[in-house]
Amino acid sequence: ERIANNIEYFADFAALHGSESYPMDSGYINYVLRQPVGVAVLITPWNIPMLLSTWKIGPALAFGNTAILKPAESTPIGAWKLAQIAHEAGVPAGVFNVVQGFGPNSAGAYLTSHPDVRLISFTGETSTGQAILKAAAGTNMARVSFELGGKGPNVIFDDADIERALAISQKAAFVNQGEVCLAGSRILVQRGIYNEFVERFAAKLTNETVIGDPLDPATTMGALNSREHLERVMGYLEVGGYEGKLLIGGDRPDLPAPFNEGNFLNPTIITDVVPSCRVCQEEIFGPVVTILPFDEEDEAIQIANDVKYGLSAVVQTGNTGRAIRVSNQIDAGTVWVNDWFVRDLRVPFGGMKASGVGREGGHYSMEFYTEMKNVCIANQ
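This is the structure:
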């Protein structure tokens, strides 16, 4: 449903928004045209491929561009299916295209440095975004929009509804096995409720997490994307054991065949860490959280901002004034208060600092996917 909504929303948006005109007393008229930028390269990651692809395809096509979708090499089928749907829907040949392949020294590098490409929208790792930015600047000066990595803080004050905070924290950290750039993987809890929260959160994850067949409705957590990624995440757990305490998890579940060979990992909580340690600073991209205590509001803000990322954050409190104060001071493109991952296609989406460049959504997508031209006419 959300995939279809992405396409439908931008189709309706483009139909309802047009050019602007500005009459002048001196006998002139100015008008502003919004024209397609041209060839748009859309590069999507493997973690939520269909949703993120249509988030880019929708505005790219609605505003008249031709689009080239380059999916992650490990998730090619969704892009192929979207191309099939576009063909069946009557999209003209050459308007929506799919190029499969790898990134560096392959299809991705070729597309992002091609002189005919005028626009690049990329979702993925920060290091890849930096490489694309260099390539685009050095060849075609294409405009770019990047949604990159994250290390989102989930700040829980002692006046929060703890039952709700537990549920939101579970969702924010472990949906899609934690393979979400928006994940609230750094949980900061005010000291007055810290011990209670940690104890109850560990019990909640232990008792409620069902790992296994992703096609089984009872399953709450599936496998990680690949064996390579599983090993990467487990490497961080080894680091976490040195830097702090593995309270729960850190190991693989005991599953029946054939799932015993899958890339499954138990939900993991790491405590007794300091904000500067690696597991608190680097994006792990798996079912792993760190939980740190704080005393005062200013300390929570300082810890929340003490990373290179700034994609999203969660603030949980029963005090509206505090919610506004803290949200205004956290370095994040999106802040959710007393919830997580509530999307509205009209609002800007993107990151601060190393989490991205530019914004997309609503008229922000129109700004990105169109070229503005001013025409001034003298009355004759």
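In the working numbering, each residue's number is its place in the sequence shown (first place is 1) plus 7.
Idealized CB from N, CA, C, for every residue including glycine.
Between Gly159 and Ser319, the C-beta gap is smaller than 8 angstroms, which places the two residues in contact. For Ser81, there is no enclosing alpha helix (DSSP H), as DSSP marks it with neither H nor E. Relative to the Cα of Tyr16, the nearest Cα in the group Pro111, Gly368 and Gly101 belongs to Gly368. In this structure, Gln323 and Ile163 form a Cβ contact; the two beta carbons are roughly 5 angstroms apart against a cut-off of 8 angstroms.
Straight-line spacing of the CA atoms in Arg332 and Leu299 works out to 21 angstroms. By the neighbour-count criterion, in which a residue is buried when 16 or more other Cβ atoms sit within 10 angstroms of its Cβ, Gly85 is buried. For the alpha helix (DSSP H) assignment, the uninterrupted runs of no fewer than 4 residues enclosed by the stretch 269-310 are, from N- to C-terminal side, 285-288.
Apart from sequence neighbours up to five positions away, the residues of its chain that approach Asn386 with a beta-carbon distance below 6 angstroms are Gly34, ordered along the chain.
Within 10 angstroms of the beta-carbon of Ile75 lie 16 or more other beta-carbons, which makes it buried.
When DSSP assignments are scanned along the stretch 66-135, the uninterrupted stretches of beta strand (DSSP E) that are 3 or more residues long and fall wholly within it turn out to be 73-77, 103-105 and 124-130. Note on geometry: alpha-carbon atoms of Gly229 and Leu173 lie some 21 angstroms from one another. Within the stretch 180-229, the complete alpha helix (DSSP H) segments of 4 residues or longer fall at 198-215, listed in chain order. One alpha carbon belongs to Leu40, the other to His370, and they sit about 15 angstroms apart.
Between the C-alpha atoms of Gly242 and Ala142 there is a straight-line separation of about 31 angstroms. The secondary-structure analysis by DSSP pairs Arg41 across a beta bridge with Met379. In this model, Ile255 and Tyr201 are separated by some 16 angstroms (Cα to Cα). Under the three-state reduction of DSSP, Glu235 is assigned to helix. Taking C-beta separations shorter than 6 angstroms and ignoring five residues to either side along the sequence, the partners of Glu27 in its chain run Val39, following chain order. Per DSSP, Asn12 lies in no beta strand (DSSP E) segment; the continuous alpha helix (DSSP H) that holds it begins and ends at Arg9 to Leu23. Rounded to whole angstroms, the Cβ separation of Val151 and Ile169 is 42 angstroms, and the two are not in contact under 8 angstroms. For Asn161, the secondary structure class from DSSP, reduced to helix, strand or coil, is strand.
Shortest Cα-Cα distance from Gly317 to any of Ala179, Thr341, Tyr249 and Glu303 involves Thr341. The Cβ atoms of Phe129 and Phe103 do not sit closer than 8 angstroms to each other. Comparing C-alpha distances from Ile291 to each of Glu304, Phe301, Thr275 and Val281 shows the shortest one belongs to Thr275.
Setting aside the 5 residues that flank it on each side, Gly325 is surrounded in the same chain by Asp166, Ala167 and Asp168, each with a C-beta closer than 7 angstroms to its C-beta; the list follows chain order. Residue ranges of uninterrupted beta strand (DSSP E) with 3 or more members, entirely inside the stretch 304-370 and ordered along the chain, are 319-323 and 341-344. Assignment of beta-bridge partners to Arg259 by DSSP yields no partner. Cα atoms of Trp87 and Gly101: separation of roughly 15 angstroms, rounded to the nearest angstrom. For Leu231, the closest alpha carbon among the candidates Leu58, Phe266 and Asn13 is that of Phe266.
Taking the CA atoms as reference points, Met359 sits about 24 angstroms from Gly115.
In the DSSP assignment, Ser152 falls within the unbroken beta strand (DSSP E) covering Arg150 to Glu154. Taking a 10 Å sphere around the C-beta of His236, we find 16 or more other C-beta atoms and assign the residue as buried. Using a Cβ distance threshold of 8 angstroms, Leu89 and Ile64 count as a contacting pair. For Pro30, the uninterrupted beta strand (DSSP E) run begins and ends at Glu27 to Pro30, by DSSP.
Straight across, the Cα-Cα distance linking Val321 with Glu289 is about 18 angstroms. In the three-state DSSP reduction, Ala167 falls in the coil class, being neither helix nor strand.
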